[in-house]
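I have placed the structure first, in the form of structure tokens, so that the comments after it can refer back to it.
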Amino acid sequence: MKAPRILKLYPVLLLASATLAACGLLEYSPNQTHVPAAERHLTAQNVARLAQQPKTSNDTVRFVFIGDSQRFYDEAEELVASVNQQPNIDFVVVAGDISDFGLVREMRWVHHRLQRLRVPYLTVIGNHDQVGNGRLIYQQVFGPLNYTFTYAGTRFIFLDTNSREYGFNGRVPDVGWLRQQLADTAGTRRQVVVCHVPPLDADFDSTLTSSYARLLRQSPQLTLHLAGHVHRYTAGQPFHDGVPYLTTYSFAKHRYLVLSVWGQRNFHLETVAYGAALPHS
Amino acid sequence: MQRFATLFAGLLLNSWSATAQSTDTPTPRPWYVPDHATLQTGGGIGMLTAGAGYTPGRHPHRFDADVLVGYVPARYTGHRAFAIFTAKATYSPFSVRLAERWRLLPLSVGGLVNYTPAAQINRNSADKYGYRGYYWWTPTLRAGAFLGSRIALALPRTTGGKREASLYYELGTNDLYLVSYLPNRQGLSLGQLLTLAVGVKVDL
């Protein structure tokens, strides 16, 4: 009888599976959420690391702002080398589209590079990170789609604005959640909102644009609104209401912004070229 | 898992009894009865993947065509278990005899396509970003290629004819990993694209 003998292979196969799955080579699906335990909940890990980190100043935050690392692995290595040479950087913000196809390996490939940064890095989910099984993968690898943390008197509010990925269901971005976060000003002097799709983009739910912008305008601590998605630097006041909206470079552009915020809603901006951009710029 | 095991055992037994019936009359079995059954893990097509296939031609396992159904438990998908449906072709041009009943197929090359119909997979429907055409791939359909080898043991068969059980491994990748690699030949290494599959095949 062949069948029972074959079935005896089950425990052996399963044991071997578990061992190899742990090192990532034995992949069950490119859409799987499963990653080694050390690579889960990276947002919580990085926020915890940030809390431990000695502050360069009690009232100034200085951070790197870049977006859209999707499929730019050569550039990710160059970025890490450049940022690690910058003095007095508190952390790095990646404004979404960590991956291109929403696959678990892509997020791990990016993490394996960014974990070599001397400072913690924080991400917000992008539209590409929601393709396939990406939304669940992002939640496993990084963490919540909407979250906040406070550093040196500044509350950073990260939220999912990828409305098109939800079929413009009227609930993304979660304006109610954002209102609660902006209303909580205890112990902070400034607020910075970080998202992927900027509010006047065609991929942002246009039925929410005016309530979103009004909310930001009415928040006295709001210093900056930061987004990615467009792969280039833009700055302005699109709603002519005194709220500065910035977008940043993708990894492919070989440039990043260094933002400093301090005092009462003061900010300062520098552009840094890195890697292949250097000889040409 | 249990359900899957029972299903696979049923499949095997079923084909085995079909062969058993033909012992009295040495007529060739009907064309639709598969030549072999396969059980595999990994390779991006399931934690536990079972299937059946055909070996056209005179040389056993020189060319194998298989269809497989893979199972990925919910623990690995973040929500519900995946079923992955795969069509796979394997070509093993060489055969080296190792011992009386053992032979090695040192090189196998192959390709596969697979489909993951899970409801939780966010599709790239045509209207979504259609104005840009930049979601050019299909999240539920993957194509892959692999290299591997295989060791086979001849089994006694009352009806005559060759019958083997074999163990194989495959190192493979898929279309999206390759697309990731091409513009990043410094930033990514080929090793980072690889997936491993390990499986057994038994002739029916």
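Chains as they are written, first to last, in the numbering used here: chain D, 8 to 288; chain G, 3 to 206. Yeah, the Cβ is synthetic: ideal placement off N, Cα and C, and Gly gets one too. It should be emphasised that the depicted structure is a prediction, and the values quoted were computed from it without experimental measurement.
{"Asked": "His41/D in three-state terms, based on DSSP", "Found": "coil"}
{"Asked": "Beta-carbon proximity check, Leu206/G vs Val35/G, cutoff 8 Å", "Found": "yes"}
{"Asked": "Residue closest to Gln92/D, alpha-carbon to alpha-carbon, out of Val71/D, Phe274/D, Arg78/D", "Found": "Val71/D"}
{"Asked": "Asn126/G and Val138/D closer than 8 Å at C-beta", "Found": "yes"}
{"Asked": "Of the listed residues Leu276/D, Tyr154/D, Gly174/D, nearest to Phe165/D (C-alpha basis)", "Found": "Tyr154/D"}
{"Asked": "Buried versus exposed, by CB contacts within 10 Å (16 or more), Gly243/D", "Found": "exposed"}
{"Asked": "Close Cβ partners of Thr157/D (< 8 Å) along its chain, the five nearest in sequence each way excluded", "Found": "Phe163, Gly194, Thr195"}
{"Asked": "Given Glu166/G as reference, the closest of Pro185/G, Arg105/G, Thr197/G, Gly189/G once Cα atoms are compared", "Found": "Arg105/G"}
{"Asked": "Where Asn169/D meets chain G, residues with beta-carbon distance less than 7 Å", "Found": "By Cβ distance, chain G contributes nothing, its closest Cβ being about 10 Å from Asn169/D, past 7 Å."}
{"Asked": "Segments assigned alpha helix (DSSP H), at least 4 residues, entirely inside the segment 132–174 of chain D", "Found": "141–148"}
{"Asked": "C-beta atoms of Gly46/G and Glu34/D nearer than 8 Å", "Found": "yes"}
{"Asked": "Where Ser151/G sits in the DSSP three-state scheme", "Found": "strand"}
{"Asked": "Any non-hydrogen atom of the ligand MN closer than 7 Å to Ser151/G Cβ", "Found": "Of the ligands one can find in the structure shown there are none, so the ligand MN has no counterpart to examine."}
{"Asked": "Candidates Phe274/D, Leu264/D, Phe258/D, Arg171/D: closest to Pro251/D by CA position", "Found": "Phe274/D"}
{"Asked": "Three-state secondary structure assigned by DSSP to Asp66/G", "Found": "strand"}
{"Asked": "Inside the segment 227–287 of chain D only - beta strand (DSSP E) runs reaching at least 3 residues", "Found": "229–234, 241–243, 252–254, 262–269, 273–280"}
{"Asked": "Residue(s) in a DSSP beta bridge with Gly113/G", "Found": "Ala91/G, Ala147/G"}
{"Asked": "Stretch pair the segment 128–147 of chain D + the segment 98–115 of chain D: three plus CB contacts closer than 8 Å", "Found": "yes"}
{"Asked": "CB contact flag (Thr142/G, Thr175/G, <8 Å)", "Found": "no"}
{"Asked": "Other residues of its chain near Ser294/D: CB distance less than 6 Å, five sequence neighbours each side excluded", "Found": "No answer is possible for residue 294/D: the residues shown for chain D start at 8 and end at 288."}
{"Asked": "Ser191/G classed as buried or exposed, judged by whether at least 16 other C-beta atoms fall within 10 angstroms", "Found": "exposed"}
{"Asked": "Neighbour list for Asn38/D in chain G, Cβ cutoff strictly below 8 Å", "Found": "Thr79, Phe84, Thr118, Ala120, Ile123, Pro141"}
{"Asked": "Euclidean distance between Cα positions of Gly74/D and Val201/D", "Found": "11 Å"}
{"Asked": "Nearest to Gly80/G (by Cα), restricted to the options Pro227/D, Phe258/D, Gln147/D", "Found": "Gln147/D"}
{"Asked": "Whether Pro95/G touches Ala83/G by CB criterion (8 Å)", "Found": "no"}
{"Asked": "Min CB distance Phe274/D to chain G below 8 Å", "Found": "no"}
{"Asked": "Members of the segment 200–223 of chain D near chain G, C-beta cut-off 8 Å", "Found": "Ala209, Asp210"}
{"Asked": "Residues of the segment 130–143 of chain D with Cβ closer than 9 Å to any Cβ of chain G, in chain order", "Found": "Asn134, His135, Gln137, Val138, Gly139, Asn140, Gly141, Arg142, Leu143"}
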